[in-house]
Amino acid sequence: MARLYDSLIIGSGPAGLSTALGLGRVHRTCAIFSNSTYRNAGIHAAHAILGHDGKSPEEIRNAGRKEIEAYGHAEFVEATIVKVSRSQTSNGLHSIFSVSDSVGREWRGRTVILATGVKDVFPDLPGYRENWPQNIYQCLFCDGHERYQQLKAVLCYPNVNLMSIKMATMAHFQSYPPGSKGTPSSGKSLVRVLTNGPANPEKDKSISNALKVLSAYGIEVDERPVSKLVADPKQGVHVHFETQESLHFGWIFHKPTTELSSTTASFVDQLELATATTPYGTTIKTEPPMNSTSVPGLFVVGDAGNMMTHVTTAISSGLGASGGVSHFCNEWDDADVLLQIEGQKKE
40 MARLYDSLII GSGPAGLSTA LGLGRVHRTC AIFSNSTYRN AGIHAAHAIL GHDGKSPEEI
100 RNAGRKEIEA YGHAEFVEAT IVKVSRSQTS NGLHSIFSVS DSVGREWRGR TVILATGVKD
160 VFPDLPGYRE NWPQNIYQCL FCDGHERYQQ LKAVLCYPNV NLMSIKMATM AHFQSYPPGS
220 KGTPSSGKSL VRVLTNGPAN PEKDKSISNA LKVLSAYGIE VDERPVSKLV ADPKQGVHVH
280 FETQESLHFG WIFHKPTTEL SSTTASFVDQ LELATATTPY GTTIKTEPPM NSTSVPGLFV
340 VGDAGNMMTH VTTAISSGLG ASGGVSHFCN EWDDADVLLQ IEGQKKE
């Protein structure tokens with residue numbers, strides 16, 4: 040019979056690796072499955088990660104893997120998992136998970152960790168994909184500081200939304216050195232808000248108020264419809280408008296929506312997992328602090344279960360889930376011991 044792991048971790052990004060590291064500390068076994076596909080591919084440096092600021096995502100993952108391997112309780116497997124199922128143990132006390140990969144191999148575990156992340160859904164705007172992620176940023180904690188002195192844009196696309204307008208304030212204060220309080224000497228900010236058409240503030244009071252704040256900061260609002268984005272050969276991006284005019288920016292802020300990968304969505308269907316809708320897309324519903332789900336023994340970590348998608352939050356969720364796995368396995372073992380004790384008494 041195939042080995043029974045304490046946990047089967049599907050995904051080897053920061054969340055999955057963090058779970059495995061936590062399990063190593065309490066001597067619980069796991070198999071970590073990866074197809075070496077990562078959402079932050081193309082990023083040269085990750086930021087706002089304590090102790091790792093400025094390191095590449097690959098460097099952070101490799102360092103994590105070495106730390107995990109040092110404990111000797113984890114096995115790394117290159118595989119694309121396509122199926123997850125549950126079955127009862129012979130004594131009826133527990134359920135065992137089975138996962139299968141794309142070539143038919145199978146593994147068994149007492150728990151499963153979904154660390155499969157989400158995928159970005161790019162808008163249908165010419166040049167968008169070509170400028171992602173070098174010139175289009177979705178998180179100012181991750182990017183932006185390195186070009187903070189350049190003119191930058193907040194893109195409302197496909198239409199005006201409050202979140203994007205609010206991000207303009209954050210970008211504005213990021214544009215000036217510490218102590219300047221974000222007050223441009225020229226009276227004009229280094230931030231432009233591109234609304235891709237009329238802002239129509241009269242239709243939404245919250246947007247109307249936000250636009251008033253932008254005006255107070257000297258942030259200009261450009262309502263010209265955007266036609267395409269073209270990367271500058273040196274740095275930054277040219278935004279072309281339907282008026283045949285263009286502007287150069289050091290970078291653009293725009294947060295695309297996200298969705299679960301087709302494989303993750305199939306896991307949701309296979310296990311009848313509950314989901315949650317956020318302003319940015321669909322996630323799998325979890326319960327803090329251990330990121331458990333509606334299925335006992337199944338945990339979701341990282342972007343697939345969290346609206347705030349960042350390496351640090353992914354790492355945090357992984358450690359929480361390792362605690363959940365540890366407690367789950369402890370309860371399993373305790374129940375088996377009690378059953379054994381009761382059997383001995385009857386003998």
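Residues in the sequence shown are numbered consecutively from 40, following the numbering used here.
Glycine included, each C-beta is placed from N, C-alpha and C at the ideal position.
Being a predicted model, the structure only gives us computed values, none of them experimental.
Residue range of the alpha helix (DSSP H) that includes residue i
i      : result
Thr387 : What is shown of the chain runs 40 to 386, which leaves residue 387 out entirely.
Lys244 : 244–255
Phe212 : 201–213
Arg168 : 167–170
Euclidean distance between Cα positions of residue i and residue j
i      : j      : result
His133 : Trp371 : 7 angstroms
Ser57  : Arg186 : 31 angstroms
Lys122 : Tyr176 : 34 angstroms
Lys105 : Phe115 : 11 angstroms
Leu190 : His277 : 11 angstroms
Ser137 : Ala54  : 21 angstroms
Asp375 : Asp163 : 56 angstroms
Ser95  : Lys242 : 44 angstroms
Lys205 : Ala238 : 14 angstroms
Ser365 : Ala109 : 19 angstroms
Met346 : Glu381 : 46 angstroms
Ile48  : Phe161 : 28 angstroms
Gly236 : His349 : 31 angstroms
Ala249 : Phe280 : 24 angstroms
Ala70  : Gly362 : 17 angstroms
Ala154 : Asn174 : 27 angstroms
Glu259 : Thr325 : 40 angstroms
Lys273 : Gly289 : 10 angstroms
Ser300 : Glu169 : 21 angstroms
Thr234 : Met202 : 12 angstroms
Val340 : Tyr77  : 15 angstroms
Asp159 : Gln383 : 56 angstroms
Phe72  : Ile246 : 45 angstroms
Gly320 : Lys294 : 11 angstroms
Ser89  : Ala113 : One detail in the question is off: residue 89 reads as Leu in this sequence, not Ser. Approximately 25 angstroms between the Cα atoms of the pair.
Cβ distance (whole Å) where residue i is taken to contact residue j below 8 angstroms
i      : j      : result
Asn130 : Leu312 : Not quite, the Cβ-Cβ distance comes to about 26 angstroms (not below 8 angstroms), so this is no contact.
Gln213 : Leu253 : With a Cβ gap of about 15 angstroms, Gln213 and Leu253 do not count as contacting.
Ser228 : Tyr196 : Contact doesn't hold; Cβ gap of about 20 angstroms is too wide.
Phe292 : Leu194 : 7 angstroms
Thr25  : Gly336 : The question about residue 25 has no answer, for the chain in this structure spans 40 to 386.
Pro328 : Gly357 : With 8 angstroms as the limit, Pro328 and Gly357 do not qualify as a contact, their Cβ atoms being about 12 angstroms apart.
Leu286 : Tyr167 : Not really, about 16 angstroms apart at Cβ, beyond 8 angstroms.
Arg231 : Ala192 : 5 angstroms
Asp308 : Val157 : About 16 angstroms separates the two Cβ atoms, so there is no contact after all.
Ala87  : Thr351 : 6 angstroms
Thr322 : Thr314 : 7 angstroms
DSSP bridge partner residues for residue i (one or two, in chain order)
i      : result
Cys69  : Ser46, Ala113
Ile99  : Looking at the DSSP assignment, Ile99 forms no beta bridge with any residue, so it has no partner.
Thr297 : Asp159, Gly320
Trp426 : This structure does not reach residue 426, given that the chain is present from 40 up to 386, and the question cannot be answered.
Glu326 : Ser331
Glu259 : Arg231
Arg125 : Phe136
Val151 : Leu47, Leu337
Ile291 : Ile175, Ala192
Ala315 : Thr322
Glu107 : A small fix is needed here, since residue 107 is Ile in this sequence, not Glu. Bridge partners of Ile107: none, in fact.
Ile120 : Asp140
Chain D within 9 angstroms of residue i, Cβ atoms only
i     : result
Asn74 : Annotation note: the requested chain D is absent from the structure, which comprises a single protein chain.
Host beta strand (DSSP E) of residue i (start-end)
i      : result
His287 : 285–288
Ser57  : No beta strand (DSSP E) holds Ser57; the alpha helix (DSSP H) holding it covers 53–64.
Val276 : 276–280
Ser266 : 265–270
Leu194 : 191–194
For the region 79–86 and the region 58–70, state whether three or more C-beta atom pairs, one from each stretch, are separated by less than 8 angstroms.
no
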